[in-house]
Amino acid sequence: MAGRLLDLALPSDCAGCGREGDALCGACVTALDVRADDPPGVAIGLPGDIPAPLAQVEWCTNFTGVTRRALHRLKYSGDRRIAEPLGLAVARRWARAGAGGDVLVPVPASRDRVRDRGYDQAALIARVAGAHLGLPVRADLLERSRYTAAQFDLDRTARAGNVAGAFRLRAGVLPPRGAGPDGAPWIVLVDDVMTTGSTLAACATILLGAGALGVSAVTVARER
Ligand SMILES: [Zn+2]
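Residues in the sequence shown are numbered consecutively from 217, following our numbering.
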């Protein structure tokens with residue numbers, strides 16, 4: 217009975233094409249690797265530079281088609297199976313293009329959203345990626361400090377203002393250790409979608425203020 221209810225509640229088809237079976241079928245999963253062979257730092261059509269204070273920003277693919285549908289399903293349909301192929305794609309891209317890093321830190325969703333959904337999608341993606349990269353994941357480090365409006369409703373300037381001050385270190389957590397002087401860690405932020413990068417930059421500011429040696433970021437997709 218429980219199994220049948222789960223079958224009713226959760227999709228059992230590919231988020232990309234609707235074919236019965238895996239969360240992303242073998243054909244659709246290739247959409248996550250469109251940048252697989254791009255060297256690091258090449259950002260064709262990228263408006264502006266990497267937002268300060270981030271040292272490096274990488275992403276797997278564009279926020280279109282299959283990828284857009286897969287991320288939408290992870291966020292809104294409760295289908296956590298999707299985190300596996302997305303996290304694997306993040307691991308592949310970071311292994312190819314990322315300049316090191318000691319620890320992965322997912323960008324936290326708001327507590328309300330985590331409660332409604334039952335999970336934090338960036339944390340799920342980071343856990344899969346960390347397991348495959350052999351890097352620890354610290355989902356307990358950052359939290360949202362206040363409500364922020366949905367970023368897609370805002371223009372570029374408003375987005376940066378919207379997220380400045382939106383994050384803080386969670387009280388009482390031990391900072392991660394890394395390979396830098398005095399054990400300072402190089403942190404790699406993980407998120408599902410990057411648009412202007414202002415959310416990632418806001419998180420990086422907090423982590424650098426807490427003693428990180430440097431902060432980079434990798435996301436599943438980039439929205440232009
Ligand atoms: Zn498919």
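Here a beta-carbon is modelled for each residue, glycine too, at the ideal position from N, C-alpha and C. As the structure is a prediction and not an experimental result, all values here were calculated from the model.
State the CB to CB distance for the pair residue i and residue j, rounded to an integer number of angstroms; the pair is presumed to be in contact (CB under 8 Å).
{"i": "leucine 424", "j": "proline 269", "result": "6 Å"}
{"i": "alanine 345", "j": "tryptophan 402", "result": "Incorrect: roughly 15 Å between the Cβ atoms, too far for contact."}
{"i": "glutamate 397", "j": "alanine 313", "result": "Here residue 397 turns out to be proline, not glutamate, going by the sequence shown. Their Cβ separation, rounded to whole angstroms, is 25 Å, which puts proline 397 and alanine 313 out of contact at 8 Å."}
{"i": "alanine 286", "j": "leucine 304", "result": "Not confirmed; about 12 Å, so no contact."}
Compute the distance between the beta-carbons of residue i and residue j, then report whether it is under 8 Å.
{"i": "leucine 248", "j": "cysteine 230", "result": "no"}
{"i": "arginine 440", "j": "proline 392", "result": "no"}
{"i": "proline 324", "j": "glycine 413", "result": "no"}
{"i": "glycine 381", "j": "serine 361", "result": "yes"}
{"i": "alanine 433", "j": "valine 273", "result": "yes"}
{"i": "alanine 395", "j": "leucine 349", "result": "no"}
{"i": "arginine 329", "j": "leucine 358", "result": "no"}
In terms of residue numbering, what span does the alpha helix (DSSP H) encompassing residue i cover?
{"i": "cysteine 276", "result": "That residue, cysteine 276, is in no alpha helix (DSSP H); its beta strand (DSSP E) goes 273–278."}
{"i": "isoleucine 403", "result": "It is not in any alpha helix (DSSP H) - isoleucine 403 instead sits in the beta strand (DSSP E) that spans 402–410."}
{"i": "leucine 320", "result": "Careful: leucine 320 lies outside any alpha helix (DSSP H), inside the beta strand (DSSP E) at 319–322."}
Cβ-heavy atom distance between residue i and ligand 1 below 7 Å?
{"i": "glycine 281", "result": "no"}
{"i": "leucine 423", "result": "no"}
{"i": "leucine 240", "result": "yes"}
{"i": "alanine 305", "result": "no"}
{"i": "alanine 243", "result": "yes"}
{"i": "cysteine 276", "result": "no"}
{"i": "glycine 314", "result": "no"}
{"i": "glycine 317", "result": "no"}
{"i": "cysteine 230", "result": "yes"}
Drop a sphere of 10 angstroms on the beta-carbon of residue i, count the other beta-carbons inside from all chains shown, and report buried for 16 or more, exposed for fewer.
{"i": "glycine 261", "result": "Below a pLDDT of 50, predicted positions are generally treated as unreliable, and glycine 261, at 49, falls in that range; the measurement from the model is reported next regardless. The residue in question, glycine 261, is exposed, as its Cβ has fewer than 16 Cβ neighbours within 10 Å."}
{"i": "glycine 322", "result": "Note that residue 322 is proline in the sequence shown here, rather than glycine. By the 10 Å Cβ count, proline 322 comes out buried."}
{"i": "cysteine 241", "result": "buried"}
{"i": "aspartate 332", "result": "exposed"}
{"i": "valine 250", "result": "exposed"}
{"i": "alanine 437", "result": "buried"}
{"i": "glycine 317", "result": "buried"}
{"i": "glycine 430", "result": "buried"}
{"i": "cysteine 419", "result": "buried"}
{"i": "aspartate 408", "result": "buried"}
Hey, could you find the ends of the beta strand (DSSP E) residue i is sitting in?
{"i": "threonine 435", "result": "430–438"}
{"i": "glutamate 300", "result": "Where glutamate 300 is concerned, there is no enclosing beta strand (DSSP E), although the alpha helix (DSSP H) it sits in stretches over 299–313."}
{"i": "serine 416", "result": "Looking at the sequence provided, one finds leucine at residue 416 rather than serine. It is not in any beta strand (DSSP E) - leucine 416 instead sits in the alpha helix (DSSP H) that spans 414–425."}
{"i": "leucine 270", "result": "Segment: none, leucine 270 is in no beta strand (DSSP E) and carries neither H nor E."}
Can we count residue i as close to ligand 2, meaning its CB is less than 7 Å from some heavy atom?
{"i": "arginine 235", "result": "As presented, the structure is devoid of ligand 2, carrying ligand 1 as its sole ligands."}
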